[in-house]
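Trainee: My questions all concern the structure below.
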Amino acid sequence: MRLFALELNNDIKGLDARKKYIESIIAKLDHPDFVVLPELALCSYMASQELWKLADNNGYDTTNWALMIAKKYHTYIGVGYIDKEKQDYYNRYLIAGPDGVYGSVTKSEGESAVFKRGDFDNIIPTPIGNIAVAICYDARRKHFYDNIKDQEISLILFPHGSPADPNKPEEEIKTNDYFCQKYVEAFGVPVVYVNSRGKLEDMPGKMGVLMAKAGFMMNGRSKIYAQNSQVMSCDIPDVIGADVTITPQILRKPIHFYGKDINKGNWLFRLLVLKPDVKAGIRLYEMNRNK
101 MRLFALELNN DIKGLDARKK YIESIIAKLD HPDFVVLPEL ALCSYMASQE LWKLADNNGY
161 DTTNWALMIA KKYHTYIGVG YIDKEKQDYY NRYLIAGPDG VYGSVTKSEG ESAVFKRGDF
221 DNIIPTPIGN IAVAICYDAR RKHFYDNIKD QEISLILFPH GSPADPNKPE EEIKTNDYFC
281 QKYVEAFGVP VVYVNSRGKL EDMPGKMGVL MAKAGFMMNG RSKIYAQNSQ VMSCDIPDVI
341 GADVTITPQI LRKPIHFYGK DINKGNWLFR LLVLKPDVKA GIRLYEMNRN K
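Note that the sequence shown covers residues 101 to 391 in the working numbering.
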């Protein structure tokens with residue numbers, strides 16, 4: 101299967117402009133079988149409530165666009181978007197093919213000031229088998245692993261909108277390689293890590309302040325991890341391609357977690373910064389979502 105990960109420019113704004121931009125890249129791909137887009141690909145990644153203005157209505161617009169692309173270019177496509185269902189906003193990712201939409205997943209630990217959180221499923225059944233999808237931070241959390249460890253899996257997708265220090269590329273690459281390789285070893289299936297690139301929009305809370313001060317950006321670093329694959333040379337900027345074998349597999353090697361995290365990390369930072377930020381974000385979300 102010919103997989104292509106599109107490392108999108110997050111600085112391009114507006115739904116129509118981004119749809120045209122994404123399709124212009126897909127139109128240049130050489131016989132794609134599966135096109136994998138990043139987190140919030142259609143609207144661009146933003147961790148603020150300004151994103152609500154770009155929300156889909158129960159996935160209607162995203163479904164129609166994805167189906168159009170899948171049929172026109174005879175490919176599977178995975179796409180991230182913001183969705184509004186009843187009075188709540190969700191960070192979602194759907195997979196479509198020429199014969200229809202196979203399903204969507206919702207980010208469980210989304211940006212708390214912007215998205216409704218919960219314990220959501222991570223598997224989308226498709227004609228090539230079960231595809232496990234974890235959106236950004238969910239990929240590092242144990243609830244994703246618990247949701248898929250007893251299932252037969254054909255492919256794992258990690259769509260991201262993940263900022264990091266651009267001056268420390270080795271650190272970012274090491275972190276990505278660690279958790280992605282863990283899933284390759286665990287299931288023996290290809291893992292696609294796809295992240296956008298561009299400036300970091302304003303983010304709420306202490307995390308936002310710290311990231312801005314450190315000059316964080318979205319640096320891409322997209323990569324297709326697979327035990328048996330052939331890298332496809334591509335002249336299109338920001339496109340990563342690989343020809344991989346897709347065969348359904350069951351868990352072969354359990355993954356060790358540090359509490360609820362696959363990466364050891366800094367427990368003190370999580371306790372003193374991340375946890376209060378999440379609680380403050382939830383309060384802000386509940387206060388503003390019905391305005």
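C-beta: ideal position from N, C-alpha, C; glycine also.
(1) Please look up how many angstroms separate the CB atoms of Ile224 and Ile195, rounded, as I've assumed it's under 8 angstroms.
(2) Within the same chain, show all residues whose beta-carbon is closer than 7 angstroms to that of Ile248, passing over the 5 residues directly before and after it, in chain order.
(3) Hey, out of Gly315, Cys280 and Ile256, whose CA is closest to Pro266's CA?
(4) Contact between the region 332-348 and the region 171-182 is defined here as three or more beta-carbon pairs at a separation below 8 angstroms; is this criterion met?
(5) Per DSSP, what kind of secondary structure is Gln251 in: helix, strand or coil?
(6) When the Cα of Ala105 is compared with those of Glu123, Leu137 and Leu115, which residue comes out closest?
(7) What residue does the alpha helix (DSSP H) around Gln281 start on, and which one ends it?
(8) Let me know the alpha helix (DSSP H) ranges lying completely inside the region 290-323, each 4 residues or longer, listed in chain order.
(9) Per DSSP, Phe134 forms a beta bridge with which residues?
(10) Compare the Cα-Cα distances from Gln187 to each of Pro227, Met307 and Phe215 and report the closest residue.
(11) Would you please state the rounded distance, in angstroms, between the beta carbons of Ala155 and Lys113? I believe it to be under 8 angstroms.
(12) Buried or exposed for His260, going by 16 or more other Cβ atoms inside 10 Å?
(13) Could you tell me the alpha carbon to alpha carbon distance between Ser329 and Lys128, rounded to whole angstroms?
(14) Is Tyr293 closer than 8 angstroms to Lys323 when the C-beta atoms are compared?
(15) Pull up the CB-CB distance for Gln349 and Glu285, whole angstroms please, since I reckon it's below 8 angstroms.
(16) How close, in whole Å, do the beta carbons of Val110 and Gly298 come, if the pair is a contact with beta carbons under 8 angstroms?
(17) Based on the DSSP secondary-structure assignment, which residues constitute the bridge partners of Thr226?
(18) Which residues does DSSP pair with Asn157 in a beta bridge?
Mentor: Well, looking at it:
(1) Rounded to the nearest angstrom, the Cβ distance from Ile224 to Ile195 is 5 angstroms, consistent with a contact under 8 angstroms.
(2) Listed in chain order, the non-local C-beta contacts of Ile248 below 7 angstroms within the same chain comprise Asn222, Ile223 and Ala232, local neighbours out to five positions each way being set aside.
(3) Checking every option, the nearest Cα to that of Pro266 belongs to Gly315.
(4) Contact check between the region 332-348 and the region 171-182: fewer than three CB pairs, one atom from each, fall below 8 angstroms, which does not count as touching.
(5) In this structure, Gln251 counts as coil in the three-state DSSP scheme.
(6) Selection Glu123, Leu137 and Leu115 evaluated against Ala105 yields Leu137 as nearest (Cα-Cα).
(7) Bounds of the alpha helix (DSSP H) holding Gln281 are Pro269 to Phe287.
(8) Entirely contained in the region 290-323, the alpha helix (DSSP H) runs reaching 4 residues are, in chain order, 305-314.
(9) Here Phe134 is bridged, per DSSP, to Leu103 and Tyr176.
(10) Closest option to Gln187, judged by alpha-carbon separation, among Pro227, Met307 and Phe215: Phe215.
(11) Rounded to the nearest angstrom, the Cβ distance from Ala155 to Lys113 is 15 angstroms, too far for a contact under 8 angstroms.
(12) The Cβ neighbour count for His260, taken over all protein chains shown within 10 Å, is at least 16; the residue is labelled buried.
(13) When only Cα atoms are considered, Ser329 and Lys128 end up about 22 angstroms apart.
(14) In this structure, Tyr293 lies closer than 8 angstroms to Lys323 by Cβ.
(15) Not confirmed; about 11 angstroms, so no contact.
(16) In the sequence as presented, Val is not what sits at residue 110; that position holds Asn. Indeed they touch by this definition, with Cβ atoms about 3 angstroms apart.
(17) DSSP lists Gly229 as the beta-bridge partner residues of Thr226.
(18) Answer is Lys184, bridged to Asn157.
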